[in-house]
Amino acid sequence: MCTTYVVTRISNVLIMDRRHFIKNSTLASSLFFVPSFVKAFEQVASSTLGYKRLVIIQLSGGNDGLNTVIPFRNDLYYKARPTLGIQKNNVIQLTDEIGLNPSLLPLKRLYDNGYLSIINNVGYPNPNRSHFRSMDIWQTATDSNKYSQSGWIGRYLDNYGKQPYSAIEIDESLSLAMKGENLNAIATQDAKAFYNLSKDPFFKNIHNQYEHLNEHNLGYLYKSMIEAESSAKYIYETSKTVSSTKEYPNNKFGNQLKTTAQFINSGLETKVFYSSLNGFDTHANQINTQKRLLNIYAESIEAFVQDLKDNNTFKDTLILTFSEFGRRVNQNASVGTDHGTANNVFIIGDQLKKQGVYNNLASLNDLDANGDLKFEIDFRTIYATVLNKWLEVNDEKILNKSFKQLDFI
Amino acid sequence: MMNKKHIQHLYWRVGFGMTPQQLHAISKLEKKQVVDTIFKASKKITPLQVDIAELESLMTGSAESMKKSIKDFQSLSREKTRELNIAWIDRLTDSEEQLREKTTLFWANHFVCEDNNFIYTQKFHNTLRTHALGNFKDFVIAISKEAAMTKYLNTKQNKKQTPNENFARELMELFTLGVGNYTEEDIKESARAFTGYSHDLKGDFVFRERQHDDGLKTFFGKTGHFNGDQIIDIILENKQCAQYICQKIYRYFVNDTLDETHVNQMVDVFHSDYNIEKLMRFVFLSDWFYDEKNIGTKIKSPIEFLVGIKTMVPLEFNNPKQLLYLQKLLGQTLLDPPNVAGWKGGRSWIDSNTIVLRLKLPSLLLNNAYISKAKEGETDKTADLQKAVFKKKFGKRFSTSANWGYFNSQFKDVAISDMENYLLVSHMNESASKYLNSLAKVSKQEYCVQLMSLPEYQMC
């Protein structure tokens, strides 16, 4: 009887703060001093609790979705893009109808393993073709005629984040997506530099006797300072315990993902990571620019997935890749494409319910008045699904609206 | 005679703080005289302009040749926007027209707009300065006709046959009434009144009669062949507009937390004629403006923080791009707002990254990252060595020239023990004060850096 009580009590505590409990509780050490028991218990706990993480990758500038996932059997595609269209024999075939850009070979390998789900025709009603505005809409997850000063991950933090480091952007400053009403995420691409900036003993000494963390603005500053010091220290000291031996492409994006993997593999208690790859605004001479960028993307992602797999963390990681809009179906006079609307979203993970191509490409003979693809899936239904089914939180509370759930996870 | 603390408080709100010499120069004046001085200094309107001749030359010639130079035009526009950003920071630091400049900064985050054509950006920017202390109705009308705004909120695409509601919606939601004080029908009807708005190549307003919908519109219960100006007129009759603007001004110039009684007094002053100068004068002359709860209790914006440092210790960035980079890191790059809703301000300036950077920044910019920790009664032996090491390692990344000579001359009559009264407007918390008292006061320079490295320095 006594045992039952203790176990129930312990599982409650474990759910609240498993690590803390195992490390510090004298109750645990006195009652379960048999190490194997504790170990067995910890395994059960970690498999049921499974610390799930979301990695968001933003392709900035508007990636041309039609030359990323290519309808190589469709004459309309080649008609709209006489010199920009990618020839059938160069396309990496996925199905009878569509294939990938030739620089996405690493992505094809993920696809073959069932780690990739391609969601086509993702967008939102009344699309905006300005980079800033459309990125804003994706980051804040509002209707296209509403403005918000907080982002969707920021609102996730407000409601469910325990610490600023519950979400980390691997960059030097924070995107709107990562800013909440009350809590902001952390931006860092160099945990050591962030730690060094924060650790001047002067700062510790001015607050070591500070007890009245009141509700006023000054109290808020002190509270933020103390939290930042401990976050910087926690991120640095936790992440430095692991160093990745995996080779990543030697560029900014590759390094961002390497840092992300290091954070994940060190067991950092962070639920959301965010990074971006820029330069997709291909109005002129698109072929080479896009080829180079997609190559950076695919090679880095493959290294990242392998790194996580090697450390047994891939199963608890979901990677979402998006761009603020796709591009016009017709190529322009400079062998490039102008701003368009609907685009594809990539979901990568090893717990996908629907692997491969999630839905068919939109019709190329039913375009909107601007000659752009019509969207089929609201990007917020993807957010809602990820929030609800992956991060296991109330998506309505974060998106301020109810969206249909999809079944890719 | 005005209390010194009150003068400093006033100057933090109408400007970016003041040095001891500046304070002493007016410390014998009465409140009304001080306020008069401030308004008199801001009577003048000095536009802020960087050279656009090169841009203008790219805009001449045939349509064909202009099309060819569009890329050059856009990249030059971006460069000029950065140039204006730097010039604006200098202006904020050095201008005699302090209140006009501070209110311009305020309105830039109210009538939020950006454009990739720098000529229109600069024109818009100076329209803010022209009307910053003028009549609010004239202001809204001028804004509605700015080329940059007709592009930013799509009034240019708003035509009789194909109305675009973007401007009409934001006009009410963000510029005049606040969300929830109008219906969707009001938006639809008023959007029709703003049809036909456009501009010429130079950015001057053009009204395209044939694209204008001159039909009857029913707006806020009134029916008529309203045009844009008349719609603005009707909106401003609503006291809610004065309420909305006064609340925003109160939050920016007085306190994050509204005091209903004080705001209502402001509304009564403002609603009668929408005279911004009169409203601001009323605020700065009110007794409640000087209440304890309003002094040193606001969190500085990144720009207030940076310009505040420069006011005390003039500072040049040897590579001006670093100043832009810092604005980005601190979360507020002038001329690059997050979206039409602008920066949220207040506590949202602060997150783990920005607080760490803000605390470390004064020492980084002014003192080779060094904050003295020598104990009372000891000399600071390692200072020079540590500064030299930093300079060697990171000197390129923080290449600044600080004018400590100016600082020392401004502080020459101030005892070192009295310095905190000039550098901080907020009370120092006990823990920080105890710690600082345990340290040696090595020099005015080192003590200034110590004080600027406190969270208290983030308050104004």
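Quick note, the sequences are listed as chains A and B, same order. The opening position of the first sequence corresponds to residue 45 in the working numbering, with each subsequent residue numbered one higher. The opening position of the second sequence corresponds to residue 955 in the working numbering, with each subsequent residue numbered one higher. In this text, a Cβ means the ideal position worked out from N, Cα and C, and glycines have one as well.
Neighbourhood of B/THR1035 by C-beta distance below 7 Å, restricted to the same chain and skipping five residues each side | For B/THR1035, same chain residues with a beta-carbon under 7 Å away, outside a window of 5 residues either side, are PHE1072, THR1075, LEU1289 in chain order.
Indicate whether at least one CB of chain B lies closer than 8 Å to the CB of A/LEU411.
-> no
Grab me the residues of A/SER69's own chain with a C-beta within less than 6 Å of its C-beta, minus the 5 sequence neighbours each way, in chain order.
-> Confidence at A/SER69 is low in this model, with a pLDDT of 38, below 50, so the placement of that residue is unreliable and no value is reported for it.
How should B/MET955 be labelled, buried or exposed, when 16 other C-beta atoms within 10 angstroms of its C-beta is the threshold for buried?
-> exposed
Hey, A/VAL389 and A/ILE163 are a contact pair by Cβ (cut 8 Å); roughly how many whole angstroms apart?
-> 5 Å
Chain-order list of residues whose beta-carbon lies under 7 Å from that of B/GLN1201 (same chain, five-residue window excluded) | LEU1212, VAL1217
Near B/MET1413, what residues of its chain come up, given a Cβ to Cβ distance below 6 Å and the 5 sequence neighbours on each side ignored?
-> GLY1250, SER1380
Anything in chain B within Cβ reach of A/PRO208, meaning under 8 Å, just list it in chain order.
-> Those within 8 Å of A/PRO208 in chain B are ASP1305, SER1306.
What do you reckon, are the CB atoms on B/LEU1009 and B/PHE993 nearer than 8 Å?
-> no
Closest Cβ-Cβ distance between A/GLU281 and chain B: below 8 Å?
-> no
For B/ALA979, which residues of its own chain have a beta-carbon under 6 Å away from its beta-carbon, when the five flanking residues on both sides are left out?
-> none
Distance between beta carbons of A/PRO169 and A/THR385, contact taken as under 8 Å | Actually they are not in contact, since the Cβ atoms of A/THR385 and A/PRO169 sit about 10 Å apart, beyond 8 Å.
Show which residues of chain A have a CB atom less than 7 Å away from the CB atom of B/SER1407.
-> PHE246
The alpha helix (DSSP H) enclosing A/THR158, as first and last residue numbers | Checking the displayed sequence, the identity of residue 158 of chain A turns out to be Gly instead of Thr. From DSSP, A/GLY158 is part of no alpha helix (DSSP H); its letter is neither H nor E.
Contact check, B/MET1373 vs B/PHE1365, beta carbons under 8 Å = Going by beta carbons, B/MET1373 and B/PHE1365 fall inside the 8 Å limit.
Are any of the Cβ atoms in chain B nearer than 8 Å to that of A/ILE230?
-> For A/ILE230, the nearest CB of chain B lies under 8 Å from its own CB, placing it at the interface with that chain.
Can you find a C-beta in chain B that's less than 8 Å from the C-beta of A/LEU443?
-> no
So the alpha helix (DSSP H) B/HIS963 belongs to, where does it begin and stop?
-> Start and end: 958-968.
Segment limits, alpha helix (DSSP H) that includes A/ASN261 = 261-283
What residue does the alpha helix (DSSP H) around B/TYR1151 start on, and which one ends it?
-> No alpha helix (DSSP H) contains B/TYR1151, which is instead part of the beta strand (DSSP E) from 1151-1153.
Does DSSP put B/LEU1390 in a helix, in a strand, or in coil?
-> helix
Chain-ordered chain B contacts of A/LEU312 [CB-CB under 9 Å] = Within chain B, no residue comes near A/LEU312; the closest Cβ sits about 14 Å away, beyond 9 Å.
Alpha carbon to alpha carbon, how far is A/PHE369 from A/THR184? Give it in angstroms, no decimals.
-> Answer to the nearest angstrom: the Cα atoms are 15 Å apart.
Name, please, each residue of chain B whose Cβ falls closer than 9 Å to the Cβ of A/GLN193.
-> Here the neighbours are PRO1292, ASN1293, ALA1295, GLY1296, TRP1297, LYS1298, SER1302.
What does B/TYR1389 touch in chain A if you count any residue whose Cβ is under 7 Å from its own?
-> ASN249, ILE250
Environment of A/ASP108 [buried if 16+ CB atoms lie within 10 Å] = buried
Give the straight-line distance between the Cα atoms of B/ASN1120 and B/ASN1248, rounded to the nearest whole angstrom.
-> 37 Å
Rounded Cβ spacing between A/GLY323 and A/THR314 (contact assumed at less than 8 Å) = At roughly 27 Å, the Cβ-Cβ gap does not stay under 8 Å, so A/GLY323 and A/THR314 are not in contact.
Straight-line Cα distance separating A/SER174 from A/PHE383 = With the sequence shown as reference, residue 383 of chain A is identified as His, and Phe is not the correct amino acid for it. Computed Cα separation, rounded: 8 Å.
Might you give, ordered along the chain, the residues of its own chain that have their beta carbon closer than 6 Å to the beta carbon of A/ILE59, omitting 5 neighbours on each side?
-> Here A/ILE59 scores only 37 on pLDDT, less than 50, and its place in the model should not be relied on; the value that follows carries that caveat. Once the five neighbours on either side are set aside, A/ILE59 has no close Cβ partner at all.
Under the rule that 16 or more other beta-carbon atoms within 10 Å means buried, what is A/GLY224, buried or exposed?
-> Sixteen is the threshold: when 16 or more other Cβ atoms of the shown chains lie within 10 Å of the Cβ of A/GLY224, as they do, the residue is buried.
Can at least three beta-carbon pairs, one atom from the stretch 260-272 of chain A and one from the stretch 297-305 of chain A, be found at a separation below 8 Å?
-> no
Use the C-beta contact count for A/PHE116: other C-beta atoms within 10 angstroms, 16 or more gives buried, fewer gives exposed.
-> buried
Is any beta-carbon of chain B found at less than 8 Å from that of A/SER73?
-> No answer about A/SER73 holds up, because its pLDDT of 37 lies below 50 and its placement is not dependable.
Provide the residue span of the alpha helix (DSSP H) that contains B/ARG1080, from first to last.
-> Note on identity: in this sequence residue 1080 of chain B is Asn, with Arg being the wrong assignment. Looking at the DSSP string, the run of the alpha helix (DSSP H) that includes B/ASN1080 is 1072-1085.
For A/ASN111, count neighbouring Cβ atoms within 10 angstroms of its own Cβ and tell me buried if that reaches 16, exposed if not.
-> buried
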